[in-house]
């Protein structure tokens, strides 16, 4: 691989991602007709500035030749023409051709170098005002400082996007150098720089002591976060943490203990009652506990003695019956108790399985709220876009995602927070079993002034992906009125999906092993080729009766990504069999082993406030645009809305024919195909995973794969998460 050096101008960015990696068109300085495509960490390069780029030529069989940039710097001038071009470039918008010529005539072609060494020299040039001189001094100094740091990062393989973020936030190079050389770990943690291994690499380069408390402390902090994410616990034990750190770093017990003391002093870890928390996991429990206590004790909106409940109930039942065309609609006794609890309490919890009428109760609560308080100052929200859409469709009231309600920004923070709250009289959160402690804590920071809060969910579903067991913990605490709906209403005909869900909830599924089922098909086999054929056949039958773009008509679910019947293989099989566009070369976007093309069903993998797409949203790829065989952008339909996705956005897409059970939470599909690989290690398959999967199906459920995986999974309870939220809630009540 021969290293080459080229000199010229960046004239156009073709693509740039948030990490600073990009593709651009580079114009040879001496031959304006000679362009080449360059790629690499070029995000800090400025347009129409002469650079010297170093790297190597790369030949791609499909996209042709490009230049892989390893490093770049603002080019030194070697001729008068180059020097004048430098001073009239985009670096110096206040310098015109005439002024540039005067600078070069007075200070020479190496004027920039001389000004760098003696800034006052520019003030001796005739015709250069004090204001322009100060701008030139500032730019020369800044370019020099930036260039020095960029060269260090690019030449040493350090993550340039970290530096690019710092250059945006800090004008002074000395300030940046001080951060890099003092405690970059702490700075990276506070600014959410990832991945950690890249942070570690930067810190070590700039002098972090290899086995000093700062570095080992950072590894300890990273390790506890991994433990909490994997287990869902909010704390761990010292011996577990030390053991996990020693797996990552071959260091002594005493060195780790010194780092633990350092973390305690820095308050990145909290030690309490032989438990170790990350600062965030401790603080989230504290904030949830304190804010809920404030809402609970808040003065009620209205004196309850003023309410004629029977008359109010009659009005609401009549309205709902008319709206949903239900003759003689009435709430049952438990549902009425939920409505009464809603009136008399500032916080209530509503839980129940599919078909138990949660949506009708939510509808009644909102109508009662409007009638009693005469207020429209309320919000319905859910953790995902699909869950929000579903509650909006089923209630007729506008709903939104929690991220949108809190005005999420791209750096995992929210504009709505404790210093900029929103003031709502009522908030109803659906699919609350999905709420992690951290998200709920962020939610309460921005909405803690709410007068009433209703948490709705299904306690039998999977808990959140993040740490904590929020919904179940709040129920276990018995500190908030909790109404459990258990009567099944959604039974226009025999619905064995709902019956099976109820049986799983009760722990009684024996009859379903032999019972003839109305809308459930078990196609058990230990032969994966047979399982694949069954999956293809069912998928074919279902899409043949429905518009292929109806994303909610049929959905394949699986618990794992890898394996012979994992999500990755399932997506490839369905795409190959049902999207002919996947076989047309030149019209495909490739990301690793994944290829995406027109008509593909896809899933977005992050919350994007600009595009108004939520993590887990499902869409259909429409028209794709290519230039010179390179993908540029595409139209994708999400939630009935066309969204323009650029090349960079496609990095956040994956195929969505098959998705994980976790990703399906908050959604319902007409038909669900649950695929269980009989050859996989199903140790982590549990009652909650299977329950969550089957309750996604509205009309028909197909279970394909290993019978042992299914029935044994139903007998396996999920390991309880270790949290202290219940303990804290009880303690504040006793205090």
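Numbering (the numbering used here), first residue to last: -6 to 728. Ideal Cβ placement from N, Cα and C applies to all residues, glycine included. Here the structure is a predicted model, which means the values were calculated and not measured.
- DSSP places residue 617 in the strand class (E or B) of the three-state scheme.
- Of 350, 388, 362, the smallest CA-CA separation from residue 481 is found for 350.
- With a cutoff of 8 Å on beta-carbon distance, residue 70 and residue 76 are scored as near each other.
- With a cut-off of 8 Å on Cβ pairs, the stretch 623 to 632 is not in contact with the stretch 556 to 570, counting fewer than three such pairs.
- Per DSSP, residue 231 is one residue of the alpha helix (DSSP H) stretching across 231 to 241.
- DSSP, reduced to helix, strand and coil, places residue 588 within a strand of the structure shown.
- Counting only residues of its own chain and dropping the five nearest sequence neighbours on each side, residue 391 has a CB closer than 8 Å to the CB of 373, 385.
- Here residue 277 is near residue 434, since their CB atoms are less than 8 Å apart.
- Residue 383: member of the alpha helix (DSSP H) spanning 378 to 388, first to last residue.
- Under the Cβ criterion (8 Å, minimum of three pairs), the stretch 225 to 232 does not count as touching the stretch 205 to 214.
- A direct Cα-Cα distance of roughly 15 Å separates residue 682 from residue 424.
- Nearest in C-alpha terms to residue 224, of all of 261, 500, 457, is 457.
- Sorting 459, 694, 342, 707 by C-alpha distance to the C-alpha of residue 502 places 707 at the top.
- A distance below 8 Å separates the beta carbons of residue 147 and residue 63.
- By the Cβ rule, the stretch 41 to 51 does not count as touching the stretch 8 to 17, because fewer than three pairs are nearer than 8 Å.
- Spatial neighbours of residue 593 in its own chain (CB-CB distance under 7 Å, excluding positions within 5 residues in sequence) are listed in chain order as 568, 572, 614, 648.
- In this structure, the alpha-carbon of residue 204 lies about 12 Å from that of residue 250.
- A distance of 8 Å or more separates the beta carbons of residue 399 and residue 362.
- Using a Cβ distance threshold of 8 Å, residue 702 and residue 550 do not count as a contacting pair.
- Taken through DSSP and simplified to helix, strand or coil, residue 496 comes out as helix.
- The distance from the Cβ of residue 698 to that of residue 494 is about 19 Å, inconsistent with a contact at the 8 Å cut-off.
- Counting C-beta pairs with one atom in each stretch, the stretch 656 to 664 and the stretch 634 to 641 have fewer than three that are closer than 8 Å, which means they do not touch.
- If you draw a straight line from the Cα of residue 499 to the Cα of residue 492, it is about 11 Å long.
- One alpha carbon belongs to residue 473, the other to residue 722, and they sit about 10 Å apart.
- In the structure shown, residue 245 adopts coil according to DSSP, grouped into three states.
- In the three-state scheme derived from DSSP, where H, G and I count as helix and E and B as strand, residue 8 is classed as strand.
- Per DSSP, residue 300 lies in no alpha helix (DSSP H) and is assigned neither H nor E.
- Taking all protein chains in view, the Cβ of residue 162 is surrounded by fewer than 16 other Cβ atoms within 10 Å, so the residue is classified as exposed.
- Put simply, of 334, 352, 333 the residue whose alpha carbon is nearest the alpha carbon of residue 317 is 352.
- A straight-line Cα-Cα distance of about 9 Å links residue 596 and residue 656.
- Less than 8 Å separates the beta-carbon of residue 650 from that of residue 564.
- Note: residue 634 is bridge-paired with 631 in the DSSP secondary-structure output.
- The C-beta distance from residue 300 to residue 365 rounds to 6 Å, short enough to fall under 8 Å.
- Residue 560 and residue 194 have their C-alpha atoms spaced approximately 33 Å apart.
- When only Cα atoms are considered, residue 201 and residue 610 end up about 41 Å apart.
- About 5 Å separates the Cβ atoms of residue 21 and residue 1, confirming a contact at the 8 Å cut-off.
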